[in-house]
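Below: one structure, written as C-alpha cells.
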Amino acid sequence: MKNHYDAIVTDASQRVSLELTRALGERGLRILNVEKECYRKSAISSSSRYSSGFELVLDYSSDRFLELCEKATTVFPVSTNTNIAVYNKAVVRFPEKFLLPPLETFYKANSKPSSMGIVAELGIPCPMTLTLKNGGNPPKALNDYGFPVVLKLANDENLALEPQDRYGIAGSEKDAEKQWNRLKVHGKDILVQEYLSGGGFGWSAIYDRDNRCSAEITHMRLREYPVSGGPSSYCMTVKDDIISSYGRKILDHLKWTGPAMVEFKKNSNGEIRFLEINPRYWGSLPLARHAGINIPYIHYQLLTGIIGKLDGRYMGGVKTKFRGMDLMAGLQELEKSSGKIGYSFKFICDFLNPFISDGIFSLKDPLPGIVYVWKNLFRK
39 MKNHYDAIVT
49 DASQRVSLEL
59 TRALGERGLR
69 ILNVEKECYR
79 KSAISSSSRY
89 SSGFELVLDY
99 SSDRFLELCE
109 KATTVFPVST
119 NTNIAVYNKA
129 VVRFPEKFLL
139 PPLETFYKAN
149 SKPSSMGIVA
159 ELGIPCPMTL
169 TLKNGGNPPK
179 ALNDYGFPVV
189 LKLANDENLA
199 LEPQDRYGIA
209 GSEKDAEKQW
219 NRLKVHGKDI
229 LVQEYLSGGG
239 FGWSAIYDRD
249 NRCSAEITHM
259 RLREYPVSGG
269 PSSYCMTVKD
279 DIISSYGRKI
289 LDHLKWTGPA
299 MVEFKKNSNG
309 EIRFLEINPR
319 YWGSLPLARH
329 AGINIPYIHY
339 QLLTGIIGKL
349 DGRYMGGVKT
359 KFRGMDLMAG
369 LQELEKSSGK
379 IGYSFKFICD
389 FLNPFISDGI
399 FSLKDPLPGI
409 VYVWKNLFRK
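For the sequence shown, our numbering begins at 39 and goes up steadily by one.
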C-alpha cells in the first residue's frame, strides 16, 4: 500500500530520530517522520534518503497523530515528552504498535529520586544524594558533601531542555547557589550528588513484551560536550560484566518493556556507581549499529513477530564521534591541556580518522548532516 508505512518515527528534529530512520530504513522499511509544528524548520530526519514521508502535528495526543498511527504498522516515540504524550490516546487505541512499559513504570524510571531509591534497595552502589524541594536557597547541608557537587533536575518531564541544561557542577557554595537559581526556575525538585571523577558508561537494551532483554550494548564515554558534563561527543563500545549485570538487574526488577539506557560512572577509586535511567532511546544510539547491532530493527521485529534471526551481538572497541559536538569539546579540552601541540595532533588524527564513524554525517545519507550544521550554526 502506497500510503501505508512500516514505522512512524516521532521528533524528526532530534538526532536520535535520524538514527532510528536510518537504522530502520536501511532494512527496507517505509518510514514516516513526524514532528510538532513548532519544530518544523529543524526536522533533520525528514531530509534523510530513508524517509518515505513527513507530517506535522499540533501535538502527539492530537487526532491528527492518531490518524497517522492508523497508517503505520509500528510507532517509535523518541523524546521523554513524546513517550508520555502517546500514552494518553495513541497507546490506548493502538497498543500493538508500541513497545512501552506501563506509564507508572515509565515515571518511576524517569524520576531520579525514585530510580535512585529502587537501585539502592537492589544493593547497587549509588553516589551520595540529597533531594531538595524546589524553591528557597540551597541548604548549608551541601557543605557536608564537599565540593564539587552536581545539581540536577529530578526529571525532565514537560521541559524542552538540552541535556547539559538539566544539571550543573558547583565547585563552591557560591557556584552551588548560582546553579540552584538557574535550575529552580523549571519548577522541579533538585538533586544534589557527590561528584564522581571517573569515566562515564551507558548500558543500553531493548526488552520484549515479556520483560526479557532481547539485546544489549555497553559503551564508554571518551569525551563529552560540555566537557564538565554533557552528552557523549565521542564514545566506544566495551564489554563489562559488572555494568551489564547491574543494568539487567535494574530493568529486570522494573519488568521493563522497550528501549532504555542505564547510566553509570566511576568514582575516584574506579568503583561503579549508578547515575540514572533514560527510559527511551538514547543519544549514542548510532554506535550500536556501527558495532553490528541494529537495536531499532530488533524493536521492529519484536513488535511485528517477524523475528527471523534476532542477532544481539556487538563488537567491542568500536568508536563513534559526533564530530560537530566533539570539535567544540576538543577546543574546551585544549584550553586546559598542558601539552597543546601533542593534544592537537592526536585530536586532529582522531577527528579525520575515516575508520571512526560519525553519528550524524554519512556519505550514504549526506543531506541530514548538512541540515544539522545549518540548524546549529547558522539558524538564528
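Beta carbons are placed, not taken as given, at the ideal position from N, Cα and C, and that holds for glycine.
In whole angstroms, what is the alpha-carbon distance linking residue i and residue j?
i, j, result
"ILE333", "SER149", "24 Å"
"LEU62", "TYR338", "8 Å"
"ASN41", "VAL47", "15 Å"
"LYS418", "LYS79", "In this prediction, LYS418 has a pLDDT of 47, which is less than 50 and means its spatial position is unreliable; what the coordinates show is noted afterwards. About 11 Å."
"GLY377", "PHE393", "26 Å"
"VAL265", "GLU371", "7 Å"
"GLY221", "MET274", "Sequence inspection shows Leu at residue 221; the Gly mentioned does not correspond to that position. Looking at the two C-alpha atoms, the distance is approximately 31 Å."
"THR167", "TYR233", "10 Å"
"ALA243", "PRO139", "13 Å"
"LEU106", "TRP294", "27 Å"
"PHE144", "MET258", "25 Å"
"PRO151", "LYS171", "11 Å"
"ILE260", "GLU73", "In the sequence under discussion, the amino acid at residue 260 is Leu, which differs from the Ile named in the question. If I take the Cα positions, the gap works out to 31 Å."
Which of the three DSSP states, helix, strand or coil, is assigned to residue i?
i, result
"ALA158", "helix"
"VAL54", "helix"
"SER306", "coil"
"ASN207", "Note that residue 207 is Ile in the sequence shown, not Asn. Here ILE207 sits in strand by DSSP."
"ALA253", "strand"
"MET366", "helix"
"LYS146", "helix"
"LYS418", "Model confidence at LYS418 stands at a pLDDT of 47, short of 50, so the residue's coordinates are unreliable; what they give is reported in the following sentence. Three-state result, LYS418: coil."
"ASP396", "strand"
"LYS226", "coil"
"ASN119", "helix"
"GLY330", "coil"
"LYS27", "In the structure displayed, the chain extends from 39 to 418; residue 27 sits before or after that span and is not available."
"LYS127", "coil"
Using the DSSP secondary-structure output, state which residues sit across from residue i in a beta bridge.
i, result
"MET274", "MET258, LYS357"
"GLY63", "GLY63 is not bridged to any residue."
"MET299", "SER242, ASN316"
"LEU340", "None; LEU340 has no bridge partner."
"ALA110", "TYR43"
"ARG311", "LYS303"
"GLY321", "Answer is none; GLY321 lacks a bridge partner."
"SER89", "ILE69"
Determine whether the beta carbon atoms of residue i and residue j lie at a separation below 9 Å.
i, j, result
"LEU340", "SER252", "yes"
"LEU289", "VAL300", "yes"
"ILE336", "TYR352", "no"
"ALA45", "THR111", "yes"
"ILE255", "ALA329", "yes"
"PHE92", "SER84", "yes"
"ASN120", "ASP49", "Just to set this straight, residue 120 is Thr in the shown sequence, not Asn. A contact, by the Cβ cut-off of 9 Å."
"ARG60", "ASP396", "no"
"GLY236", "ASN305", "yes"
"THR358", "LEU325", "yes"
"LEU323", "VAL54", "yes"
Does residue i get closer than 9 Å to chain D when you measure Cβ to Cβ?
i, result
"ALA110", "Among the chains in the structure shown there is no chain D, since it carries only a single protein chain."
Open item on the list: Would you call the stretch 80–93 in contact with the stretch 55–70, where contact means no fewer than 3 C-beta pairs closer than 8 Å?
Closed with: yes
| Any chance the stretch 275–284 sits against the stretch 295–312, with 3 or more Cβ pairs inside 8 Å? | yes
Are at least three pairs of beta-carbons, each pair with one atom in the stretch 227–236 and one in the stretch 189–198, less than 8 Å apart? yes
If contact is defined by three or more beta carbon pairs under 8 Å, each pair taking one atom from either stretch, is the stretch 125–142 in contact with the stretch 153–163? no
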